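Enquirer:
Residue numbers (the working numbering): 1 to 192.
1) Should residue 85 and residue 135 be called a contact, given that it needs their Cβ atoms to be closer than 7 angstroms?
2) Whole angstroms is fine: what's the gap from residue 154's alpha carbon to residue 83's?
3) Decide if residue 23 is buried, meaning its Cβ has at least 16 other Cβ atoms within 10 Å, or exposed.
4) By a C-beta neighbour count over all protein chains shown, 10 Å radius and 16 as the cutoff for buried, is residue 157 buried or exposed?
5) Are at least three pairs of beta-carbons, each pair with one atom in the stretch 65-76 and one in the stretch 19-36, less than 8 angstroms apart?
6) Along the chain, where does the alpha helix (DSSP H) containing residue 160 start, and where does it finish?
7) Does the Cβ of residue 66 have 16 or more other Cβ atoms within 10 Å, making it buried, or fewer, making it exposed?
8) So for residue 172, helix, strand or coil by DSSP?
9) What is the DSSP secondary structure of residue 133, counted as helix, strand or coil?
10) By DSSP, does residue 40 sit in helix, in strand, or in coil?
11) Flag this pair as touching only if the stretch 162-175 and the stretch 129-143 have three or more C-beta atom pairs under 8 angstroms; answer yes or no.
12) Under the assumption that residue 8 contacts residue 60 (Cβ atoms under 8 angstroms), give the Cβ distance between them as a whole number of angstroms.
13) Pick out whichever of 57, 35, 3, 46 has its Cα sitting closest to the Cα of residue 196.
14) Which whole-angstrom value is the C-beta distance of residue 36 and residue 42, which I expect to be below 8 angstroms?
15) Under three-state DSSP, which class holds residue 193?
16) Can you give me the Cβ contacts of residue 162 inside the same chain, cut-off strictly under 7 angstroms, excluding the 5 residues immediately before and after it?
17) With distances taken from CA atoms, which of 39, 127, 121, 64 is nearest residue 87?
18) Around the C-beta of residue 126, are 16 or more other C-beta atoms found within 10 angstroms, so that it is buried, or is it exposed?
19) Between residue 6 and the rest of its own chain, which residues show a CB-CB distance below 6 angstroms, the 5 nearest in sequence each way excluded?
20) Can you give the beta carbon distance from residue 2 to residue 68, rounded, assuming they're within the 8 angstroms contact cut?
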């Protein structure tokens, strides 16, 4: 995958627009997922994604290959989202309708209506709780717990050190526990 990215980057730097398009198509869905989790709003996420792609295009000549292209692209996407959040100071939670609109679907193991409603409420509360986290914590938690990136990758994306990333994730998770513990019945007897 990295070699394919390297080949496409080299071709794009050589002026091959199709190579750049292929590079963006390859990473677009993950970049969008990051933007959607950060913005919690489909329209803002799409705007951030487009802005991030433009930034990537303009900054491509400065890509040195010190990290993988994907890490570099996700960092630009994350920074674009953080810039947008700071600019607008938007802290609204995504509604269930918005999440369904972008393809999210609750997993329902028992297929009961009651279980389905509980799962929806749990996910809605979790989404709302994530949106209340400070931007730096939210970015670290989303990248680790939602997107599954390693601590090193997150540190690179957020231009900080691994210790800071671990601290933000730990503090973010603790803050989520505090917020969600108010709805303990949703999370079973063992709590959050």
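Where is the CB? At the ideal position from N, CA and C, for every residue including glycine.
The structure displayed is predicted, hence computed values, not measured ones.
Expert: Well, looking at it:
1) Contact: yes.
2) In this structure, the straight-line span from the alpha carbon of residue 154 to that of residue 83 is close to 17 angstroms.
3) Burial call: buried.
4) Looking at its Cβ environment, which holds 16 or more other Cβ atoms inside 10 Å, residue 157 is buried.
5) They touch, by the three-pair rule.
6) DSSP places residue 160 in no alpha helix (DSSP H); its state is neither H nor E.
7) Burial state of residue 66 is exposed, judged by a 10 Å Cβ sphere holding fewer than 16 other Cβ atoms.
8) Look at residue 172 here: in three-state DSSP terms it is helix.
9) Residue state, collapsed to three classes: coil.
10) Three-state result, residue 40: coil.
11) Below 8 angstroms, enough C-beta pairs join the stretch 162-175 and the stretch 129-143 to call them touching: three or more.
12) The pair is not a contact, with the Cβ atoms about 10 angstroms apart (cut-off 8 angstroms).
13) With the chain covering 1 to 192 only, the question about residue 196 has no answer from this structure.
14) Your pair residue 36 and residue 42 checks out as a contact, with CB atoms roughly 7 angstroms apart and the cut at 8 angstroms.
15) This structure gives no information on residue 193, because the portion of the chain shown stretches from 1 to 192.
16) These residues qualify, in order along the chain: 151, 152, 155.
17) If we check each option's Cα against that of residue 87, 39 comes out closest.
18) Its Cβ being crowded by 16 or more others within 10 Å, residue 126 is buried.
19) For residue 6, where only same-chain residues beyond five positions count, there are no Cβ hits under 6 angstroms.
20) Right, their Cβ atoms sit about 6 angstroms apart.
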